[in-house]
Amino acid sequence: MKKIQLNANHWAGILLLLLVISGFIFPNKPADYYKLSAKEMLRIALAKEDVVTPDSIRSMIEKGEDSFTLVDLRTPMDYVNGHIDDAVNIPLPDLLEKGNQKFLKNQGKTIVLYADDEVKGCAPWMLLKQLGYKNVKVMLGGYNYYITGKKMPKEIAGKCYDEQPRYNYVSYFKGNNSITQPKKTLLKPVVPRRKKKPTASGGC
Amino acid sequence: MQKGTIFLTLVAIGIAFLVWLLPERPEKTELSPKELLLAIKDETRFLSTDEVATMIIGQDPSLQLIDVREPDEYKKFHLPGAINIPLEKILDEQNLELVGAEEQQHVFYSNGTIRANQAWVLTRRLGYGNTYIMKGGLNRWVETIMIPPVPPSSAPSEAFDQYDFRLSACRYFQGGKATAPVKKQTPVKVVPRRKKKVTASGGC
């Protein structure tokens, strides 16, 4: 076979086709993109390591430790009505704004997120985690639990508070648990006692 | 035909072959972080236990309940019709295929909300849109459907309608067994009639 001579036009054609192919292989990445894949995020979520109990936050505040920054994700209104000492308010809708991202990135400390409850803090925590924030945690129980001042039981501290089964589900669905019966049906009909009549009224 | 043209044609065919070899792109397009934040803010992903109960009782064909707890938790108890995809396996290919079925509403649930929420965030990021969360999970289910709180007398009539619905839903999920304890109580209601004693037996 004769050797094929490539001229400039051929090279240009090949380059163009390669360019088209690379477009298929490497889709454009937006300015802020995920640093973790969904699977990596799942592994982190299952490890349950990024949780802080309300008690430990309270005791750290009392000790005057400043190794962490508290971030309040609730609305400015809720924040004004009451928040944990020294917490910074970043309402959830503004979480990805440039200024806030800069602020969070430049914290040399652990970021502890909290919202009304644990559930509302969870998704934002996952979002920041996937964006590559390593030092971000979420407070168990959320603000609603924090203000009760209650200590978190040892067996659930460090796990997800919200995920603890509070009932024996099977017994409720089998219906042999007396508690499942609404109180109304438990009421026994009140039977008025009859007064004893004098048996022999008209005696001799 | 010119040699150059033949060459370019061959190159084009080669590239077409390469493109054909490329792994098939998933149909779902990943959400950008900003889109994911918008989705997280949207509370419509949460279904109440009442809504889910209504769908189960009405045998809604579009409902696909997904229990994201561990297999042993699922074996002990699960909602009727639910399938088990433990959270750690939610990103497995065949499970994602299940979640991707467009014609169904996939409702994640767990003991609380956290694990279901995590499954939702991860699948939502990957572009799966027909997914919901049963808010409060099985804990809330017991508290609302199995032992519904009696609304105060000052409550609007809707609250009483809801209470009535929950009572009948409870009976439905207990499979009719709920009537059993009531039967036990019925003997209480039966007051044996006293035979009239002859008041004056020993007459004159």
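Here the protein sequences line up with chains A and B, keeping their order.
Take the first sequence: its position 71, counted from the start at 1, is 287 in the working numbering, and no numbers get skipped.
Take the second sequence: its position 111, counted from the start at 1, is 166 in the working numbering, and no numbers get skipped.
Glycine residues also receive a C-beta, built at the ideal position from the N, C-alpha and C atoms.
Predicted model, so just to flag it, every value in this text is computed and none were measured.
Starting from residue i, trace the alpha helix (DSSP H) both ways and give me its first and last residue.
| i | result |
| --- | --- |
| Leu329(A) | From DSSP, Leu329(A) is part of no alpha helix (DSSP H) but of the beta strand (DSSP E) over Thr326 to Tyr330. |
| Val236(A) | Ala224 to Ile241 |
| Phe215(B) | Ser212 to Phe228 |
| Thr64(B) | Lys58 to Leu76 |
| Thr104(B) | Thr104 to Ile112 |
| Asn260(B) | Any question about residue 260(B) goes unanswered here, given that chain B covers just 56 to 259. |
| Tyr383(A) | Tyr383(A) -> no alpha helix (DSSP H), and no H or E assigned at all. |
| Glu421(A) | What the structure shows of chain A is the stretch from 217 to 420, and residue 421(A) is not part of that stretch, so it cannot be assessed. |
| Asn297(A) | Pro292 to Asn297 |
| Glu334(A) | Glu334 to Gln346 |
Going by DSSP, which residues form a beta bridge with residue i?
| i | result |
| --- | --- |
| Phe284(A) | Thr326(A) |
| Asn261(B) | Past the edges of chain B, shown from 56 to 259, lies residue 261(B), and the structure says nothing about it. |
| Gln160(B) | Leu118(B) |
| Val268(A) | Met355(A) |
| Val304(A) | Val287(A) |
| Phe389(A) | DSSP output for Phe389(A) lists no bridge partner at all. |
Report the residue from the options whose alpha carbon sits nearest the alpha carbon of residue i.
| i | options | result |
| --- | --- | --- |
| Glu198(B) | Glu98(B), Tyr183(B), Leu222(B) and Asn185(B) | Leu222(B) |
| Gly324(A) | Pro369(A), Thr285(A), Lys375(A) and Ser272(A) | Thr285(A) |
| Glu313(A) | Leu146(B), Phe228(B), Ala137(B) and Pro88(B) | Pro88(B) |
| Lys353(A) | Lys318(A), Cys376(A), Pro292(A) and Asn360(A) | Cys376(A) |
| Gly136(B) | Leu151(B), Leu118(B) and Glu158(B) | Leu118(B) |
| Tyr183(B) | Pro206(B), Phe220(B) and Leu91(B) | Leu91(B) |
| Leu134(B) | Met110(B), Glu143(B) and Ile145(B) | Met110(B) |
| Leu383(A) | Ser209(B), Ile202(B), Lys58(B) and Ile70(B) | A small fix is needed here, since residue 383(A) is Tyr in this sequence, not Leu. It is Ile202(B) whose Cα lies nearest to the Cα of Tyr383(A). |
| Pro309(A) | Tyr218(B), Glu98(B) and Gln229(B) | Glu98(B) |
| Ile306(A) | Asp294(A), Val287(A) and Val296(A) | Val287(A) |
| Ser103(B) | Trp196(B), Gly59(B), Gln149(B) and Tyr129(B) | Trp196(B) |
| Glu143(B) | Lys367(A), Asn225(A), Ala263(A) and Glu379(A) | Ala263(A) |
| Lys318(A) | Val236(A), Asp248(A) and Phe389(A) | Asp248(A) |
| Pro270(A) | Leu344(A), Ile300(A) and Tyr295(A) | Ile300(A) |
| Cys338(A) | His226(A), Asp378(A) and Ser272(A) | Asp378(A) |
| Leu344(A) | Lys370(A), Asn316(A) and Ile363(A) | Asn316(A) |
| Ser275(A) | Pro381(A), Lys367(A) and Lys390(A) | Lys367(A) |
| Ala156(B) | Asn185(B), Asn139(B), Ile140(B) and Lys130(B) | Asn185(B) |
| Leu320(A) | Asp302(A), Tyr349(A) and Val236(A) | Tyr349(A) |
| Lys190(B) | Leu76(B), Val107(B) and Asp127(B) | Val107(B) |
With residue i as the anchor, note down where its beta strand (DSSP E) starts and where it stops.
| i | result |
| --- | --- |
| Lys367(A) | Taken as a continuous stretch (DSSP letters only), Lys367(A) belongs to no beta strand (DSSP E), as it is neither H nor E. |
How is residue i classed by DSSP in three states: helix, strand or coil?
| i | result |
| --- | --- |
| Phe319(A) | helix |
| Tyr183(B) | coil |
| Lys190(B) | coil |
| Lys96(B) | helix |
| Val205(B) | coil |
| Lys375(A) | strand |
| Gln221(A) | coil |
| Phe132(B) | coil |
| Asn360(A) | helix |
| Lys238(B) | Here the model assigns Lys238(B) a pLDDT of 39, short of 50, so the residue's position is not dependable, and the following value carries that caveat. Helix, per DSSP. |
| Cys420(A) | Below a pLDDT of 50, predicted positions are generally treated as unreliable, and Cys420(A), at 49, falls in that range; no measurement from the model is reported. |
If the criterion is Cβ atoms closer than 7 Å, does the pair residue i and residue j meet it?
| i | j | result |
| --- | --- | --- |
| Arg124(B) | Ser165(B) | yes |
| Gly298(A) | Asp333(A) | no |
| Ile200(B) | Ala171(B) | no |
| Lys83(B) | Leu177(B) | no |
| Ala94(B) | Arg226(B) | no |
| His161(B) | Ile112(B) | no |
| Leu234(A) | Leu289(A) | no |
| Ala214(B) | Pro206(B) | yes |
| Thr168(B) | Val335(A) | yes |
| Phe132(B) | Tyr385(A) | yes |
| Gly239(A) | Leu63(B) | no |
| Ala261(A) | Gln173(B) | yes |
| Gln346(A) | Leu252(A) | yes |
| Thr292(A) | Leu311(A) | Here the sequence assigns Pro to residue 292(A), which means Thr is not the residue at that position. No. Outside cutoff. |
| Asn351(A) | Thr326(A) | yes |
| Ala254(A) | Leu146(B) | yes |
| Gly69(B) | His226(A) | no |
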